[in-house]
Structure formats: C-alpha cells, structure tokens
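Enquirer: Residue numbers (numbering that gives the first Met the number 0), protein chains in the order written: chain A, 0 to 261; chain B, 0 to 261. C-beta: ideal position from N, C-alpha, C; glycine also. Computed from a predicted structure; not experimentally measured.
Number of protein chains: 2
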Amino acid sequence: MELDRRDPSAVRAAIRAGRWKGATAGLAPGRVQANLVVLPASLAYDFLRFCVANPKPCPLIEVTEAGSPEPALSAPGADLRTDLPRFRVFREGALDGEVEDVAELWRDDLVAFLIGCSFTFERALMAAGLPVRHIEEQVNVPMYRTSIGCSPAGAFSGPMVVSMRPYEPAQALRAAQVTSRFPTVHGAPVHLGDPAAIGIADLDSPDYGDRVTVRSGEVPVFWACGVTPQAAAAAARPELMITHAPGHMFVTDLRDDEQAIL
Amino acid sequence: MELDRRDPSAVRAAIRAGRWKGATAGLAPGRVQANLVVLPASLAYDFLRFCVANPKPCPLIEVTEAGSPEPALSAPGADLRTDLPRFRVFREGALDGEVEDVAELWRDDLVAFLIGCSFTFERALMAAGLPVRHIEEQVNVPMYRTSIGCSPAGAFSGPMVVSMRPYEPAQALRAAQVTSRFPTVHGAPVHLGDPAAIGIADLDSPDYGDRVTVRSGEVPVFWACGVTPQAAAAAARPELMITHAPGHMFVTDLRDDEQAIL
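#1: Taking the alpha helix (DSSP H) that residue 135 of chain A falls in, what are its first and last residues?
#2: State the DSSP-derived secondary structure class of residue 252 of chain A, mapped to helix, strand or coil.
#3: With distances taken Cα to Cα, identify the nearest neighbour of residue 218 of chain A among A/261, A/167, A/199.
#4: Within this structure, are the beta carbons of residue 116 of chain A and residue 33 of chain A separated by less than 7 Å?
#5: Roughly how many angstroms separate the alpha carbons of residue 198 of chain A and residue 147 of chain A, rounded to a whole number?
#6: Under the assumption that residue 85 of chain B contacts residue 68 of chain B (Cβ atoms under 8 Å), give the Cβ distance between them as a whole number of angstroms.
#7: Do the segment 235-253 of chain A and the segment 85-95 of chain A touch if we need at least three Cβ pairs shorter than 8 Å?
#8: Which residues bound the beta strand (DSSP E) around residue 44 of chain A?
#9: What is the DSSP secondary structure of residue 146 of chain A, counted as helix, strand or coil?
#10: Buried or exposed: which applies to residue 203 of chain B, given that a residue is buried once 16 or more other Cβ atoms fall within 10 Å of its Cβ?
#11: Should residue 76 of chain A be labelled buried (16 or more other beta-carbon atoms within 10 Å of its own) or exposed?
#12: Please state the DSSP three-state secondary structure of residue 14 of chain A.
#13: In the DSSP assignment, find the unbroken beta strand (DSSP E) run with residue 172 of chain A in it and report its ends.
#14: Measure the alpha-carbon distance for residue 252 of chain B versus residue 112 of chain B and round it to whole angstroms.
#15: Any contact between the segment 187-198 of chain B and the segment 119-132 of chain B? By contact I mean 3 or more CB pairs, one from each, below 8 Å.
#16: For the beta strand (DSSP E) that contains residue 154 of chain B, what are its first and last residues?
#17: Starting from residue 124 of chain B, follow the alpha helix (DSSP H) in both directions and report where the run begins and ends.
#18: So, is residue 212 of chain B buried or exposed, given that buried needs 16 or more other C-beta atoms within 10 angstroms?
#19: So what does residue 88 of chain A bridge to, in DSSP terms?
#20: Quick one, which residues of the segment 38-51 of chain B are near chain A if we go by CB-CB under 7 Å, in chain order?
#21: Cα-Cα, which of A/170, A/162, A/4, A/237 is closest to residue 205 of chain A?
#22: Tell me, please, whether the segment 175-192 of chain A touches the segment 93-113 of chain A by the rule of three or more beta-carbon pairs shorter than 8 Å.
#23: Tell me the rounded alpha-carbon separation between residue 6 of chain B and residue 74 of chain B.
#24: Taking the DSSP output, what are the residues bridged to residue 114 of chain A?
#25: I'd like the list of long-range same chain contacts for residue 232 of chain B, defined as Cβ closer than 6 Å, with 5 residues on each side in sequence excluded.
#26: Please determine whether the Cβ atom of residue 211 of chain A lies at a distance below 6 Å from any heavy atom of the ligand ZN.
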C-alpha cells in the first residue's frame with residue numbers, strides 16, 4: 000500500500016506500523032512537525048516553567064496529561080509512544096540508546112512536551128524565495144551553544160542553542176520579516192553577523208548538526224533552536240528522559256500556515 | 000513628593016507606600032501592565048497547562064517560584080504582595096473581600112501568575128489613530144462570556160471571555176493588523192460582527208465591565224480577554240485565590256513595544 004504522504008494521520012499510521020522508519024522531513028507538507036521531550040511528572044512543572052520563561056527557544060505546542068501518550072489538541076488519536084520513527088532514551092542525562100518505539104518504557108507518571116520546530120519557518124522561507132543552505136547541501140542544520148543564558152526554572156537552566164542559516168544582507172532582512180510571522184516556532188532571528196558576539200568560536204564546528212558553506216558576501220543569521228530545552232533537560236539529569244531522534248519528528252495535524260500570526 | 004508616573008519602579012514604590020491607591024490606567028505609559036492570579040502550588044501546574052493550552056486569552060508574562068512574591072524577570076525587586084493598589088481575595092471560588100495588600104495572606108506555597116492585559120494593545124490602537132470607545136466614554140471595557148470553549152487542563156476549564164471594541168469595517172481591519180503584532184497580549188481579534196455567533200445574547204448587557212455605544216455603521220470586534228483565566232480559576236473553587244482588583248493592575252518594567260513581534 001502506497002503511503003499518502005500528504006495525510007498526517009496516514010503518515011503516523013505508517014510510522015506506527017513500522018512501514019516508515021526514516022526521517023520526517025518532507026512528510027505531510029504544510030503540517031507542523033514537533034520536537035518531543037518526555038519527562039517524569041515530578042519534573043514537569045519546572046520544565047513547563049522553563050519553556051514559558053524562554054518562549055523563543057522553547058515554543059510549546061502541547062503538554063499532555065500525565066500518563067497520557069495522546070496529544071489531544073494537536074493530533075487527536077495519535078500515540079506518542081509509537082508514532083515517531085525513532086526515539087532517544089536518556090538516563091540520568093546520558094544517552095542510553097535509540098529505539099523505534101517506547102511503549103514498553105511508558106509509565107503513568109510521564110508527561111510529553113511537544114515543542115515547535117524550524118521546519119515550519121523553513122517552508123515559509125522557501126515559499127518566499129529564500130534559499131535554505133543546509134537543505135541545498137542535504138545536511139542537518141548547523142546548531143551552536145551560545146553565551147546567551149536562558150532564564151532558569153527549578154532544576155532547568157543552560158545556554159540558548161541556535162541554528163544558523165547564511166544569507167546576503169537583503170535576504171537576511173527579508174528572512175527576519177518572514178520568520179517574525181511565526182512566533183510559535185522560534186520567530187525572528189536572535190542574532191546576525193559576528194558569531195563571537197554570542198559566544199560561538201568557530202562557525203565551521205557546530206555543536207550539533209553539520210557545517211554549511213557561508214559564501215562571500217553572506218552573513219550568518221541565528222535563530223533560537225528547539226535543541227535548547229532538550230539540552231537543558233538533559234543537564235538536569237532526570238532519571239528518565241525520552242526525546243525524538245534528530246530529524247525524526249512528531250507529525251501533528253496542525254497546519255504551518257495557522258501558526259502565522261499575520 | 001511628586002510621583003514620577005513615567006518610572007515603573009517609582010509607581011510601584013508609591014503603591015507599596017500607600018501613596019497611590021487608585022486604578023493604574025495611564026501610569027508608567029509604555030510599560031506592560033499585567034493581570035495577577037495567585038494560586039496554591041498544588042494547582043499551579045494544571046493552571047500553567049491551562050494557560051499554555053489557551054494562549055490567546057491567557058498570555059503568560061511570568062510565573063514566580065513557589066513562595067516568592069518577586070517577579071524576577073518582568074520587575075526585579077518588586078513585591079507582588081504590596082505593589083498592586085488593590086487585590087481581590089477568593090475562597091472556594093467566591094469573592095471574600097478586597098484588600099490593599101496581601102502580605103498577611105502570603106504563604107510559602109503560593110505561586111503568582113502574571114498575564115498580559117489589553118492596555119498594551121490599546122495604546123497601539125490609539126497610536127495608530129484608532130479610537131477606543133470605552134476610553135472615550137470613560138468606562139470599563141465591556142466583556143462577555145462566550146460559547147467558545149477553552150481547552151481544559153486538570154480542574155481548569157470554562158468559556159473564553161472576550162472584550163469588545165466597536166469599529167467601522169475599515170477600522171476593524173486595521174485594528175486586526177495592529178493587534179496581530181502583539182501575540183503576547185491577546186493578539187488579533189477572535190471574532191467580529193454578529194455577537195450571537197459566539198453566544199453573546201445582548202451586547203448591551205456585558206458580563207463584566209460596562210456597556211459602550213455602538214454607532215450606526217460600526218461592527219463589534221472581539222478580543223480574547225485576560226478575565227478568562229481568572230474565571231476558570233474561580234470555577235475550580237481553589238481554597239485560596241488572590242487576584243488584582245479590576246483596573247488595579249501590576250505595573251512591570253517591560254516595554255509595550257518590546258511585545259510587538261514585528
């Protein structure tokens with residue numbers, strides 16, 4: 000049976016059935032894809048406060064009821080234990096392995112956080128005729144830990160992680176306008192130009208993802224990144240944390256264009 | 000000593016010292032004023048989830064550490080027990096009285112939520128040359144309970160409460176543009192035109208605030224309102240809830256214009 004890649008529930012069903020095990024970029028175009036962070040309920044309140052206090056890197060799409068794996072608002076009927084192609088399991092903050100479902104790890108005290116991802120605004124950038132370098136070069140977006148501190152909440156603190164896309168100056172200004180329309184998925188850039196000004200020593204050595212080419216006449220443009228809350232959660236060394244594996248996101252029913260505030 | 004009304008910390012100091020006991024409209028112009036809801040920590044997580052699930056009526060500015068009356072991000076050094084001119088105290092969801100400070104009621108398990116208020120976007124409307132009828136008529140904005148349900152979270156649920164401002168059609172469209180820039184203070188309208196379509200039986204009988212004149216050729220325009228979370232919290236009948244008294248808001252250091260996303 001051919002997968003209808005346009006239908007988000009068909010995509011999730013294929014993932015659940017093990018018929019799709021790859022990355023989710025390009026699936027269900029126009030639908031919001033989300034970062035996943037699952038934590039024990041004992042940490043959920045402070046993690047929620049951390050996200051609320053740092054909305055640019057941690058834009059919350061949904062928080063589930065404790066014990067419920069169903070994101071009732073953004074994908075009713077879906078199951079977060081099985082509907083992502085690949086998960087990472089962390090114990091005491093250290094990566095313990097990657098798995099294709101987490102049904103056996105699920106507990107009644109787990110809470111799932113869905114956090115916006117830059118796929119939404121990258122589609123808007125491309126629709127506006129702006130190139131996205133890491134997509135052109137078929138690699139992961141370069142991401143960097145910065146000297147910009149997040150507002151702490153309980154056990155959660157840490158630096159803002161940013162993603163980078165290079166643009167010519169006029170393109171950078173247009174990219175700032177386009178992404179400003181999407182405050183629920185990171186919104187406008189947080190910096191452009193000199194990487195050292197936000198504590199990045201070497202643009203060619205990202206902390207996550209891959210390096211991309213910055214051409215003569217281009218400036219690096221930096222957006223707050225959804226890896227920020229994942230890194231802050233790991234640093235708090237929770238006994239158990241489950242996340243999506245990089246690039247293997249949760250596909251919601253929400254439409255990217257609904258996220259645009261104007 | 001004359002009060003420097005432009006300085007938010009001077010305004011808060013005057014309120015704390017009992018030298019200002021009135022409403023806060025017009026104080027510290029250009030600074031964000033906030034709705035206050037204080038609840039026991041046992042309810043704070045679900046109330047926070049309620050706000051996150053209903054961002055238009057419940058735009059969170061800050062959530063304090065349990066027991067701390069200091070809004071460390073939006074007004075460092077301020078004290079939420081004393082720095083509002085008037086509070087309301089609710090027990091089991093029923094109004095128990097109004098007081099000028101809540102120092103004696105404060106407990107180590109209380110959490111304060113600061114929620115955006117329409118003062119911010121009303122300033123933007125007036126700066127754009129758009130009249131604001133209830134300000135012209137020197138009354139409170141009319142507010143209505145609607146048939147639009149909020150997404151529930153734990154004990155918290157209820158209808159969206161909206162505020163209404165009448166405009167000619169072209170003004171209404173411009174007002175939608177202007178307020179769209181402020182997603183952290185209710186953002187764009189949720190409805191315009193027929194009140195019955197959102198369950199409002201009589202525009203001249205608001206559920207909160209005062210009626211205003213709707214002139215021939217004008218349509219009512221409805222925005223999500225910060226009374227929504229207060230009403231949802233009262234309906235959950237918490238043993239103790241403290242809020243600001245209507246019109247007697249908390250003055251933060253944040254600038255209205257910083258809230259504009261573009």
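Expert: Quick answer:
#1: 132-135
#2: When secondary structure is reduced to three states using DSSP, residue 252 of chain A falls in the strand class.
#3: A/167
#4: yes
#5: 8 Å
#6: Wrong, their Cβ atoms sit about 16 Å apart, outside the cutoff.
#7: Three or more Cβ pairs closer than 8 Å define a contact, and the segment 235-253 of chain A meets that threshold against the segment 85-95 of chain A.
#8: Residue 44 of chain A -> not in any beta strand (DSSP E); alpha helix (DSSP H) instead, spanning 40-52.
#9: Collapsing the DSSP output to three states places residue 146 of chain A in a strand.
#10: exposed
#11: Classification for residue 76 of chain A: exposed.
#12: helix
#13: Run containing residue 172 of chain A: none in the beta strand (DSSP E); it sits in the alpha helix (DSSP H), 168-179.
#14: 16 Å
#15: no
#16: Taken as a continuous stretch (DSSP letters only), residue 154 of chain B belongs to no beta strand (DSSP E), as it is neither H nor E.
#17: 118-126
#18: exposed
#19: A/96, A/241
#20: 43, 44, 47, 48, 51
#21: A/162
#22: no
#23: 12 Å
#24: A/34, A/59
#25: 36, 240
#26: Questions concerning the ligand ZN fall outside what the structure shown contains, since it holds no ligand whatsoever.
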